[in-house]
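Asks: Can you keep this structure in mind? I'll have questions shortly.
Protein chains: 2
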Amino acid sequence: MTSQEIFAQIQKKSSFLCVGLDPDIQRIPKHLLKEEDPVFTFNKVIIDHTIDQAVAYKPNLAFYEAMGPAGLETLAKTLEYLPKDTFTIADAKRGDIGNTSRLYAKAFFEQMNFDAITVAPYMGEDSVGPFLEFDGKWVILLALTSNQGSKDFQVIKNQSNQPLYASVLEKSKAWGTTENMMYVVGATRGESIAEVRKLVPDHFLLVPGVGAQGGSLEEVAKFGMNNQCGLLVNSSRGIIYASSGEDFGKAAKKEAILLQEAMAQQLNIYCK
Amino acid sequence: MTSQEIFAQIQKKSSFLCVGLDPDIQRIPKHLLKEEDPVFTFNKVIIDHTIDQAVAYKPNLAFYEAMGPAGLETLAKTLEYLPKDTFTIADAKRGDIGNTSRLYAKAFFEQMNFDAITVAPYMGEDSVGPFLEFDGKWVILLALTSNQGSKDFQVIKNQSNQPLYASVLEKSKAWGTTENMMYVVGATRGESIAEVRKLVPDHFLLVPGVGAQGGSLEEVAKFGMNNQCGLLVNSSRGIIYASSGEDFGKAAKKEAILLQEAMAQQLNIYCK
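The listed protein sequences derive, respectively, from chains A and B.
Residue numbering for the first sequence follows UniProt numbering, starting at 1 and increasing by one per position.
Residue numbering for the second sequence follows UniProt numbering, starting at 1 and increasing by one per position.
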């Protein structure tokens, strides 16, 4: 998928919403447990009720791996069920030595046909490069995450006063292009997003942490939007667990519409 | 497994060898392809022929995920086949926000019953902590890896002249203990291992990169060994692909014995 195609979806749906498909068997509505594959049924209902608002879907691999080998079957079925014009992200945070990263890339891009995978930067260029060798596929590199622990290492300043996440952006942007590389940038601080935009003005950013983790959509748009939108904002629990009853699909849709309407406003201000 | 139990195995076998079970279906001997589960058969033969020399086995998850859901069944069978007194490491390099790391921990420690998992430090304490909550289980945190890309970020110096990998060691050693935390430290530079030992004198180190990646066992032992040995040195390709013929088991044994004998010498010098 090209950045133009992603932007076309954003314009069509007036939305830059990514829905995190992170289903926990212990949290999905109880009436689903009688289904043959409760998690797949849950995902289908969530997708059906959010597809008009979401331009991207992001299953986090941990939720599927925790179900054992059957979980990967559920993930594969979920991917097949998603319309081909939605952007699909394997939230896997992989990263290993070159030969091994190549195997992960093959698993996620060829066998599972994801459009993108999240990758951890710690092991450097040869751990990221193999993911960049697939036409039309994307690496989404962790830069500044939104969790508490992001303060442990990501903000350590080097001898030029540059925090580690900025070194990651600066160095890694030479490894790929704006057509195969995005960055994870947490939404917890508006000024950090502004700093990120100075270094990577044209790359798409995947922004977690709006909602459950406390970021504000207005701040993210103000500091992060570019003329191709350049943002995918993720919401997981706020949407998929909006209700624990039989109405969970409708409740998810309601939350997705609230976010989409807020996103349409921001697109109207910064990205006409 | 406790560090005492690991050390007891090291003494019993006069070896601190870890065998990387990274089987690639395209590289395993051709005569195995007629087997029902060629990779499991391959692993069994490698284990049978190295069990007297190896105190630990380390399957890299990428090799199993690349085989799809069936690969995880192969991995589970391999784990069951390993004797209970060997130390088993899931080389998975995971690391995610707290709730998600907890799911990975459950998958690797409870469902698959690994003794240890490799974890990437970039997301900080709350991404590592959930792995430390399991009795008798271990986190092996990436500190200084042995690949080319380790120079991209791991050696960036902070304003106190401390490289990132040293900050990782210093900060993270407070998160766990010498009974639930080890570190990955590449063998490519002896003086780096000496630096690591200053910060974590008592932790076990998992050392890749001896052999294929160019480190010297003598250097590793000289700078890295402590009075409980404190080292697990990994070899993957050098052992498992020692021959591509029907004699691959015997060839693997021969390579394992060469390493074990060299290790016995080092134990004799530094850890009597």
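Don't be surprised by glycine CBs; every beta carbon is placed ideally from N, CA and C.
All values reported here derive from a predicted model rather than from experimental measurement.
With a threshold of 8 Å between beta-carbons, can Y122 of chain A be considered close to chain D, or not?
Replies: The structure shown has no chain D; the protein chains it does contain are A and B.
Asks: Counting pairs of beta carbons, one from the region 25–37 of chain B and one from the region 127–145 of chain B, are three or more of them closer than 8 Å?
Replies: no
Asks: Using a Cβ-Cβ cut-off of less than 7 Å, give me the residues of the region 110–136 of chain A that come near chain B, in sequence order.
Replies: Q111, A120, P121, Y122, M123, G124, E125, D126, S127
Asks: With G238 of chain B as the anchor, note down where its beta strand (DSSP E) starts and where it stops.
Replies: Locating residue 238 of chain B in the second sequence gives position 238, counting from the first residue. Looking at the DSSP string, G238 of chain B is not in any beta strand (DSSP E); the run it does join, the alpha helix (DSSP H), is 237–240.
Asks: DSSP three-state call for V185 of chain A: helix, strand or coil?
Replies: Taking the first sequence and counting its residues from 1, the one referred to as residue 185 of chain A is at position 185. Strand at V185 of chain A.
Asks: Near D115 of chain B, which residues of its chain fall below 8 Å by C-beta distance, leaving aside the five closest residues on each side in sequence?
Replies: Residue mapping note: residue 115 of chain B aligns to position 115 of the second sequence, counting from 1. So the qualifying residues of the chain are M1, F87, T88, I89, G136, K137, W138.
Asks: Going along the chain, which unbroken runs of the alpha helix (DSSP H) with 4 or more residues stay wholly within the region 133–157 of chain B?
Replies: 150–153
Asks: What I want to know is whether the C-beta of E65 of chain B ends up closer than 7 Å to one or more non-hydrogen atoms of the ligand ADP.
Replies: Of the ligands one can find in the structure shown there are none, so the ligand ADP has no counterpart to examine.
Asks: Considering only residues of the same chain and omitting the five flanking positions on each side of V19 of chain B, which have a CB-CB separation below 6 Å?
Replies: On the second sequence, position 19 is the one that residue 19 of chain B refers to. Contacts found: T50, A54, Y57, I239.
Asks: Can you pull the chain A residues whose beta carbon is under 7 Å from the beta carbon of G149 of chain B, in chain order?
Replies: On the second sequence, position 149 is the one that residue 149 of chain B refers to. Ordered by position in chain A, the residues that pass the 7 Å Cβ test against G149 of chain B are M123, G124, E125, D126, S127.
Asks: Taking a contact to mean a Cβ-Cβ separation below 8 Å, would you say P69 of chain A touches P69 of chain B in this structure?
Replies: Here residue 69 of chain A refers to the residue found at position 69 of the first sequence. Here residue 69 of chain B refers to the residue found at position 69 of the second sequence. Contact: yes.
Asks: With DSSP collapsed to three states, give me the class of T41 of chain A.
Replies: Translated into positions along the first sequence, residue 41 of chain A becomes position 41. For T41 of chain A, the secondary structure class from DSSP, reduced to helix, strand or coil, is helix.
Asks: Taking just the CA atoms, how far does V39 of chain B sit from L75 of chain B?
Replies: Taking the second sequence and counting its residues from 1, one reaches residue 75 of chain B at position 75. Taking the second sequence and counting its residues from 1, one reaches residue 39 of chain B at position 39. Rounded to whole angstroms, L75 of chain B to V39 of chain B spans 9 Å at the Cα level.
Asks: Could one say the Cβ of E65 of chain A lies closer than 8 Å to chain B's Cβ atoms, at least one of them?
Replies: In the first sequence, residue 65 of chain A corresponds to position 65, counting from 1. At least one chain B Cβ lies under 8 Å of E65 of chain A.
Asks: Just how far apart, CA to CA, sit I156 of chain A and Q4 of chain B?
Replies: The residue labelled residue 156 of chain A in the question sits at position 156 within the first sequence. The residue labelled residue 4 of chain B in the question sits at position 4 within the second sequence. Those two C-alpha atoms are separated by around 36 Å.
Asks: At a CB-CB cut-off below 8 Å, which residues of chain A make contact with N60 of chain B?
Replies: By one-based count along the second sequence, residue 60 of chain B stands at place 60. Chain A residues near N60 of chain B: D96, T100.
Asks: Buried or exposed for P201 of chain B, please, with buried defined as at least 16 other CB atoms from any protein chain shown within 10 angstroms of its CB.
Replies: Here residue 201 of chain B is taken as the residue at index 201 of the second sequence, counted from 1. Answer is exposed; the Cβ neighbour count stays below 16.
Asks: Tell me whether the region 190–210 of chain B and the region 159–178 of chain B touch, counting them as touching only if at least three CB pairs, one residue from each stretch, are closer than 8 Å.
Replies: By the C-beta criterion, the region 190–210 of chain B is judged to be in contact with the region 159–178 of chain B, since at least 3 inter-stretch pairs fall below 8 Å.
Asks: According to DSSP, simplified to helix, strand and coil, what is D48 of chain A?
Replies: By one-based count along the first sequence, residue 48 of chain A stands at place 48. Three-state result, D48 of chain A: helix.
Asks: For S150 of chain B, collect the residues of the same chain with a Cβ closer than 7 Å to its Cβ; drop the 5 residues on either side in sequence, then sort them by chain order.
Replies: Here residue 150 of chain B refers to the residue found at position 150 when the second sequence is read from its first residue. Same-chain partners within the cutoff: L144, G186.
Asks: Classify D126 of chain B as helix, strand or coil using the three-state DSSP reduction.
Replies: As a first step, residue 126 of chain B is located in the second sequence; it is residue number 126 there, counting from the start. Of the three classes helix, strand and coil, the one that applies to D126 of chain B here is helix, per DSSP.
Asks: In angstroms with no decimal places, state the Cα-to-Cα distance between R94 of chain B and Q26 of chain B.
Replies: Your numbering for residue 94 of chain B matches position 94 in the second sequence. Your numbering for residue 26 of chain B matches position 26 in the second sequence. Computed Cα separation, rounded: 26 Å.
Asks: Would V207 of chain A pass as a contact of T118 of chain A if the rule is Cβ separation under 8 Å?
Replies: For the purposes of this step, residue 207 of chain A is taken as the residue at position 207 of the first sequence. For the purposes of this step, residue 118 of chain A is taken as the residue at position 118 of the first sequence. With contacts defined as CB atoms closer than 8 Å, V207 of chain A and T118 of chain A fail to qualify as a contacting pair.
Asks: How is G20 of chain B classed by DSSP in three states: helix, strand or coil?
Replies: Here the question's residue 20 of chain B lines up with position 20 in the second sequence. In the structure shown, G20 of chain B sits in a strand (DSSP, three-state: E or B).
Asks: On a CA-only basis, which of A:S146, A:A105, A:A221 is nearest C271 of chain A? Give me that one, please.
Replies: For the purposes of this step, residue 271 of chain A is taken as the residue at position 271 of the first sequence. When each option's Cα is compared against that of C271 of chain A, the closest is A:A221.
Asks: Give the single residue among B:M181, B:V168, B:Q159, B:A264 whose Cα lies nearest to the Cα of P130 of chain B.
Replies: As a first step, residue 130 of chain B must be located in the second sequence, where it is residue number 130. Cα-wise, what sits closest to P130 of chain B is B:M181.
Asks: For the region 67–81 of chain A, enumerate the residues whose C-beta is nearer than 7 Å to any C-beta of chain B, in chain order.
Replies: Taking 7 Å as the Cβ-Cβ cut-off against chain B, the residues of the region 67–81 of chain A that qualify are G68, P69, L72, E73.
Asks: Of the residues that make up the region 198–209 of chain A, which ones have a beta carbon closer than 7 Å to any beta carbon in chain B?
Replies: For the region 198–209 of chain A, which is checked against every Cβ of chain B, not one residue is closer than 7 Å.
Asks: In its own chain, which residues sit with a C-beta less than 8 Å from the C-beta of K249 of chain B, not counting the 5 before and 5 after it?
Replies: Looking up residue 249 of chain B in the second sequence gives position 249. The question names Lys, but residue 249 of chain B is Gly in the sequence shown. When the five nearest sequence neighbours on each side are left out, the beta carbons in the same chain lying within less than 8 Å of the beta carbon of G249 of chain B are those of V45, I46, D48, H49, in order along the chain.
Asks: Please classify residue 290 of chain B: is it buried, with 16 or more other beta-carbons within 10 angstroms of its beta-carbon, or exposed?
Replies: Because chain B spans 1 through 272 in this model, residue 290 of chain B falls outside it and cannot be assessed.
Asks: Is S244 of chain B buried or exposed, if buried means 16 or more other CB atoms sit within 10 Å of its CB?
Replies: Numbered from its first residue, the second sequence carries residue 244 of chain B at position 244. Classification for S244 of chain B: exposed.
Asks: Using a Cβ-Cβ cut-off of 8 Å, state whether K173 of chain A counts as contacting chain B.
Replies: For the purposes of this step, residue 173 of chain A is identified with residue 173 of the first sequence, where counting begins at 1. Cβ-Cβ to chain B under 8 Å: no for K173 of chain A.
Asks: So, helix, strand or coil for K93 of chain A, using DSSP?
Replies: The residue labelled residue 93 of chain A in the question sits at position 93 within the first sequence. K93 of chain A falls in the strand class under three-state DSSP.
Asks: Taking the DSSP output, what are the residues bridged to P208 of chain B?
Replies: If you number the second sequence from 1, residue 208 of chain B lands on position 208. The partner list for P208 of chain B (beta bridge, DSSP) is empty, contrary to what the question assumes.
Asks: Check the Cβ of Q154 of chain B against every Cβ in chain A and list those closer than 9 Å, keeping chain order.
Replies: Locating residue 154 of chain B in the second sequence gives position 154, where the first residue counts as 1. Simply Y122, M123, G124.
Asks: Taking DSSP as the reference, what is the three-state secondary structure of F114 of chain B?
Replies: Here the question's residue 114 of chain B lines up with position 114 in the second sequence. If DSSP states are grouped into helix, strand and coil, F114 of chain B belongs with coil.
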